[in-house]
Structures are given as structure tokens and as C-alpha cells.
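There are 2 protein chains.
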Amino acid sequence: MEVEVKADIAKSASRRLAMLDENVKNEALKNMADELIKSKDRILKANEKDILAAENKGVKESLIDRLRLNEKRIEGMANGLLEISALPDPVGAIEEMWKRPNGLQIGKMRCPIGVIGIIYESRPNVTADAAGLCLKSGNAVILKGGSDALNSNIAIVEAIAKAAEVSGVPKGAIQIIENTDREEVNRMMKLNGKIDLLIPRGGANLIQNVIKNSTVPVIETGVGNCHVFVDSYADLEMALKIIVNAKTQRPGVCNAIEKVLIHRDIREKFLPIMVEKLTSLGVEIRGCELTRSICPDVKEANEDDWRTEYLDLILAVKIVEDVDSAIEHINKYSSGHSESIVTENYTNAMKFIKSIDSAAVYVNASTRFTDGGEFGFGAEIGISTQKMHARGPMGLKELTTYKYVILGNGQIRE
Amino acid sequence: MEVEVKADIAKSASRRLAMLDENVKNEALKNMADELIKSKDRILKANEKDILAAENKGVKESLIDRLRLNEKRIEGMANGLLEISALPDPVGAIEEMWKRPNGLQIGKMRCPIGVIGIIYESRPNVTADAAGLCLKSGNAVILKGGSDALNSNIAIVEAIAKAAEVSGVPKGAIQIIENTDREEVNRMMKLNGKIDLLIPRGGANLIQNVIKNSTVPVIETGVGNCHVFVDSYADLEMALKIIVNAKTQRPGVCNAIEKVLIHRDIREKFLPIMVEKLTSLGVEIRGCELTRSICPDVKEANEDDWRTEYLDLILAVKIVEDVDSAIEHINKYSSGHSESIVTENYTNAMKFIKSIDSAAVYVNASTRFTDGGEFGFGAEIGISTQKMHARGPMGLKELTTYKYVILGNGQIRE
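So the protein sequences, as listed, match chains A and B. Using the working numbering, read the first sequence as starting at 1 and increasing by one per residue. Using the working numbering, read the second sequence as starting at 1001 and increasing by one per residue.
Here it is as C-alpha cells:
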């Protein structure tokens, strides 16, 4: 019953957290950063255990790299906490206030959500990061990391939870589930009323598993099958620059593009230049029939390609009739993350903005900007690709909800 | 496979609905209102069938009354649609826009959620009401009403869906599930990706069933175990007026109060007056031990009472130590709907506002104002008692989400 017990403790901590002074939270975050650095030997020793176990299990090197901590990565976590302490606290702000004819003043006040569960995979840095963001936004957090990283995560939580408590944060504000039994996480996903929100962070399988099994509200994050549409009115030099940036600057992240759609009127002019440039940068191109009739060396794209997030130097290309077919294709195949149109035509730009059903819709810019830092939020807990509560990069404000505050002087309803 | 088929049609309709001109939506709502009036004989005949079947099943009179339509109620539905047509359309509004150092303009644009499922009980007026609100906010709706009202609901949907279509609304924007098999609604609750949001409307059992079984995002509505706390600094005359209003003006609704908490310092002075007044108005009082030591005729309140939404002329009363114990009691037992403090003390008022974890927190006013109309939203689809996405009265804006719109001139990420 570990999750049930910890959720009860978290719920009661969350009541006090909601009232906590901003200075106490900021001081706690600084002390947590200090304590991470002080505890680095202990954390690295715990991490070594995890690495060894993973190696013995034959886990592949790229995953072991995600799991691995070193001094620099621990410093990175500590700096992350310091950055969070410097961000403005959204809790308690009244965003709008209006007066009703009967004299009631009605306002919307930002407040914490309550208890947030984070279900994640092998990167231990998520532990400190998520704990810091939840604390600053006044939420209690229950961390359920991957079993591969359990020793590392426990060591990190020991350090930061202790530092938080010493700084005046209620006990139980930061907790970790240590039981690796799958049943524990299954029950966690049904704790409506005790856990207010679950945020899964990790691969598509993890996220889909949480969405399909949780009755606690979930925020879906991360998967990015992003598109650039090059309109017939595009500045082609700009289009090429944006595509190269969005595909190759960091191909393994969710806001990198996976697809380019090209208006048929410019296919002869633009396609060969783009294919040559991307190929020279090591990108494998897969194309529709029309693409391959112009660039015969391009591999064939199949139906699966249109849905796939490669997270790699692969790009699928399709020639489309016009902006309407581009919009239709994107709304059919996109994961709802980020899409960009390159055009100098005002009407097409507006149509694209209005019709595309994704979290971030760009005109004449790289999709790589869909990021809490780049949007000016300072830090993010993830990028929501669903539509309820929050969409796109989720910063501190998206970790809060609101309540109506109504100030009267004796009003009753007639 | 009725829900799957209808959800696919709704999804495709929702794409076109998102783009629909505001005037087309308003015209459609007016035509829907007209068509309801024109179809009233057909609707009343269908309703008669439902009433007869319910009577034969021995359904109790109060439920049959909810089910019953007459000319006035049909006119009421039609007027509701006209009122919705007169409200401002939230879709397409850019609420904030900011500039980043690289010149990117980032804004948040309101857009429809997509496909909304409404699961409700026997009141057929919900059918027209929910369809109107979803249409105006650009969402496709799938209605799943109670089987008792099926003939009435089908007749209403026939009228309004036809009128909408003739007015230029895409086919499939308003659909009703006709299959009364429980499996149909069970599958509806798992249609992630096809249905974007479920809103259950009805009794606590219906709502809890949807929350516990749905993996589609749900908005929990309705249950109101609301409190008034009378502080030692209260204007006692005002307190009495507010309590009488909040308890007796309409006891069967969710924003009526079910509990009064009284600061111990004023118990001797306030309690007897309040008990006398409420008793004279036909309210049954149940009290804590201290309450009963002052007013011995008051019945005993047990643990269950503190959690119960009576929806009736019953009130439970508790004497508390101070504002902190009032807050603790409310946060423990409340359903998170509406709570009010009566006080002239500024610090206590601010503490109450900041600490109470409910959708609407009042100072010196009746809780009966928690209502879309009273808040100035014009109409509401329900009152959310959960914390994700929307809290409190949900109007047209709460039936939308947002997307980020990013306007650039060739920005790429370095």
C-alpha cells in the first residue's frame, strides 16, 4: 500500500504547501541545490549500482548513458533548482477581476493543483527537476521513476527532501515510490481524489500505457511528429534554412521536424535543392511518388512514415496540392505538437494558423522553438500534446489551477 | 459499433466546425430554436411515449417530472439556443501576445476542444442546451442521454441537427447515441483520440461511474457540499441573511449550503437566533455536541453528515475553534464547490480565500451565486468541482482550449 500511504501524506502536505511563503520555497530550492552538491559522492555511488545492474542485464549503451550521472550532471540538476528558485511564483496571483451589477467583485486566483504524480523512465535528472517545479508551484509530488534508476533516484530524493524539510517545506511534499512492483503504478493510476494529476514523461509506450489505464487526470506529453509546409509563396531560401534547422540541429528531440510538405507549384524548383542539402548533411529522405519522380534516389515513403516520429536523421517528404491539402494531411497524421508554414502569403498564413489543430503553429520559423525556455517560461515540466488544461510547453503556471474569489458585502440571491 | 462510427464522423465534422464563421453558427442556433418550436407536436408525442414507459416501469413522480416536456419547456429550450446565439464567440481570440528577444511574436489563440461527449440523465432539455453550447464553441457533440428519455432526445436531435445542417453546419456536428446497451457507453469512455472530453451531467452515481471508468479526459461537475463559516468578527445580521438565502432560497441545487460552521466565541449569541429562524422556515438542523449543548432540540450530526449533500431543507452545524479549524474542516469534507466566510476581519478573510481548496470562495456573500449566469458568462454547461482545465461555472470559454501561434520572419534555433 505504499502509493496509498504516500498519497495521503502528500495530500495533507499539499494543504500546507499551498499556503507556503514564496521566500520559503525559494530558500528551500537553494538549499536543495546545495544539498545535491554536498551529497554527490553518495548519489554517484548509488548511481554506480544502477549502472552495474543495467550492464549486467545487457541494457544497451544509449540507455545506460541516459542513466549515468557524473559530477557535471549533478551540478546541472543543482543549477536547474537554482533557476527555478529565480522564477516568479504564480500562486496567489489574481489574473482578472470584474464587477457584477450587484456589486460582487469576481476574480480568478492562481492556486496549486494539489498532488502531482510523475511517472518517468531512466533519466535521474527528471527527479530533481520535477520535484523543483512542483515545489515552486506549491504542489506535492509523488515520483515514480524507472526501476533501472531506483538507487540513483532514492539518493537524489533523500538529499532534496531533507533539504526542503529543513527549510520549512512540509514533510511529504517530495516523495518517491520505492516499490518496483508494476501493481504499485497500476494502483497509482486509479487514486482519484488522492492524486490530482499524473504526468508521464518518457517514451511513447510509457505515455500510452498511462493514458489507457489511468482514471486520474493525465497530461499527455512529448511525442512530436512535426511538419513544415513550404507554400508556393514561400521565400525558398528561408524555407531551406528553417527545414535544415528544424531537422538537423537536434534530430532526437520532440520539436524537430519529421515531415516536409511542399506545394506542387514549386516542387521542381525547391525539391532538388532541399534533397541535395539535407542528403549532404546525412539526412535520409523518404518521399511520395511525385517526390520520387523528381528525385529518383529518394526512398519510398509508406503510410507508416506519415505517422512516425523518427527522432533521427530521417525525413519524409510529400508534394501537396495546396495549403488546404497540407492542413488536411497535418491534421490527419500529426501528433499535435508543432507545425510551421513558410509563406509570404497573408491569407494562407492565417488559414494555416486557424486550421491546424496542434499545440504550436508557426509562420516562417523553425519548430525547434517549442520549448518552455524559448517561450520565455524559464523551465518546463514537459510539452503537452493534448488539449485539456494545458497545451504546448508547460511551465510553472501550467502546474497551477485557479479558483474564483468573490468579494461581497452581504449579497444574497433574489 | 455506433459510438465508434459516430465519433469518427464527429471528428471529421469538428475540423470544419473549428473554421466555421461566427455568423453561420449564430444563424444555425436561431434556426435550431425555430425548428424546435415547429417540431413541438412531434417532440411532445415522442415525450409521451417516454412518460408512459416510465409510468409503466413505476418510476417515481419526481423523476417523471424531470422527464416531462410541455410547450413551455420546449419554448424554454428554444430561448436557451437564442441566448447562446447572442453570446460572444470565444474561438479565434488571441488572449495574450508577447515578443521574444529573437523577434518571435508568441500568442495564445482560443480554439475548440474537438469532440465532446455529454453523458446525462433524464432531463431532455440538456440535449438542446449542450448541443447549442458545443456548437457555439466550435465543438462537435455526441450526446448519450438516459434511456428513459430516448424518444424525446431523438426527436429533439432530429429537429436541431437538421436545422443546423441546413444552416451550413457540417453533418455530424450534433449526434445522439441511440443504442441503450450499457456496453456502448463503456466503449465511449475509452475512445481516447476520437473523443476529446467527456462531461457527465446528473447525479453523483452517474458522475462517479464516468470518472472511475473513463480514460478519455473527464470534467467532474455538480456535487456541492457547500459551507458558510461565521467568524467571530462577523456582522451577525449579514451572516443570518446569507445563511437563510444560501440554505432556503432553492435547497435542491448544488450551490445551496449544506453546512454552517460557527466560531466558538459567538456561539451563544448567534446559534439560538439562527436555529430559531431556520426552524421557522422548515429547515431541519443537525448539530455537533457543542451545538446541542446550546440548542438541545437540534438532532445529532454524525460523521456522515459532514460529507453529505442533502439537496433538501436540512443543515448540519458545527462549532469550531477559529478560522483555521474552519478551513481544515472544509478542506477535509467539502466537495470543492463553493464556500463562504462571513467576517469583518481582513486577515481572516484573506486566509480563508488563500487556503480554501474549492472552485468558488466567497467573502460576505451567499454561495448561491456560483452559476454561469450570475458570474456573467451567460450560459453554462455545468459547474466543475475538479481542478484540471476548468473550475467552477463552465461557459463557452471553458469549452475551448488554446494553441500557441508563433509569428516569425525566418527565425531558426542556434
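All C-beta atoms, glycine included, are put in the ideal place defined by N, C-alpha and C.
Proximity test, Cβ basis, 9 Å: residue i and chain A
i, result
"B/P1217", "yes"
"B/F1229", "no"
"B/K1171", "no"
"B/S1122", "no"
"B/K1277", "no"
"B/K1259", "no"
"B/L1017", "no"
"B/H1329", "no"
"B/T1401", "yes"
"B/M1394", "no"
"B/G1092", "yes"
"B/D1196", "yes"
"B/R1110", "no"
"B/D1265", "no"
Per-residue DSSP class, three states only, for residue i
i, result
"B/I1177", "coil"
"B/A1161", "helix"
"A/N192", "strand"
"B/V1185", "helix"
"A/E380", "coil"
"A/R391", "coil"
"A/G58", "coil"
"B/V1216", "coil"
"B/I1009", "helix"
"A/Q411", "strand"
"B/A1365", "strand"
"B/L1240", "helix"
"B/Y1068", "In the sequence as presented, Tyr is not what sits at residue 1068 of chain B; that position holds Arg. In this structure, B/R1068 counts as coil in the three-state DSSP scheme."
"B/L1063", "helix"
"B/L1087", "coil"
"B/L1396", "coil"
"A/L82", "helix"
"A/V24", "helix"
"B/V1003", "helix"
"B/V1223", "coil"
For residue j and residue i, believed in contact at Cβ under 8 Å, the rounded distance
i, j, result
"B/M1388", "A/L197", "6 Å"
"A/L81", "A/G117", "Contact doesn't hold; Cβ gap of about 20 Å is too wide."
"A/R100", "A/I106", "6 Å"
"A/A379", "A/I84", "6 Å"
"A/V166", "A/N70", "Their Cβ separation, rounded to whole angstroms, is 27 Å, which puts A/V166 and A/N70 out of contact at 8 Å."
"A/V223", "A/I207", "7 Å"
"B/L1311", "B/V1283", "Not a contact, Cβ separation roughly 13 Å."
"B/P1112", "B/S1137", "6 Å"
Given residue i as reference, the closest of the options once Cα atoms are compared
i, options, result
"A/S12", "A/D41, A/A140, A/A246", "A/A140"
"B/D1034", "B/K1162, B/D1322, B/R1066", "B/K1162"
"B/V1003", "B/I1142, B/N1070, B/L1087", "B/I1142"
"B/E1048", "B/I1037, B/D1065, B/I1257, B/A1028", "B/D1065"
"A/I319", "A/F270, A/K60, A/T370", "A/F270"
"B/E1258", "B/K1099, B/R1307, B/F1375, B/I1156", "B/R1307"
"A/M1", "A/S62, A/T180, A/D357", "A/T180"
"A/P90", "A/K403, A/L396, A/N409, A/G410", "A/L396"
"A/K174", "A/M109, A/I9, A/Y233", "Correcting the residue type first, residue 174 of chain A is Ile in the shown sequence and not Lys. Considering only alpha carbons, the answer is A/I9."
"A/N255", "A/V244, A/T367, A/N186, A/E284", "A/T367"
"B/G1051", "B/A1130, B/I1037, B/Y1120, B/G1146", "A quick correction: the sequence has Ile, not Gly, at residue 1051 of chain B. It is B/G1146."
"B/G1202", "B/I1412, B/G1392, B/K1006, B/I1383", "B/I1383"
"A/Y120", "A/G114, A/I113, A/A128", "A/A128"
"B/L1399", "B/D1021, B/N1186, B/V1115", "B/V1115"
CB contact check: residue i to chain B, cutoff 9 Å
i, result
"A/L206", "no"
"A/L311", "no"
"A/E374", "yes"
"A/A360", "yes"
"A/I177", "no"
"A/I412", "yes"
"A/R391", "yes"
Residue i Cβ short of 8 Å to the ligand FAD heavy atom set
i, result
"A/C288", "Inclusion of the ligand FAD in the displayed structure is not the case, the ligand content being empty and no account of it being possible."
Hey, which unbroken runs of the beta strand (DSSP E) at 3 residues or more fall wholly within the region 242-280 of chain A?
257-263
Quick one: complete beta strand (DSSP E) runs, 3+ long, within the region 275-360 of chain A?
284-287, 314-320, 338-342
Give the list of continuous alpha helix (DSSP H) stretches no shorter than 4 residues that lie fully inside the region 1027-1056 of chain B.
1040-1056
Completely contained beta strand (DSSP E) runs for the region 92-180 of chain A, where each covers 3 or more residues:
94-99, 105-112, 115-120, 140-144, 174-176
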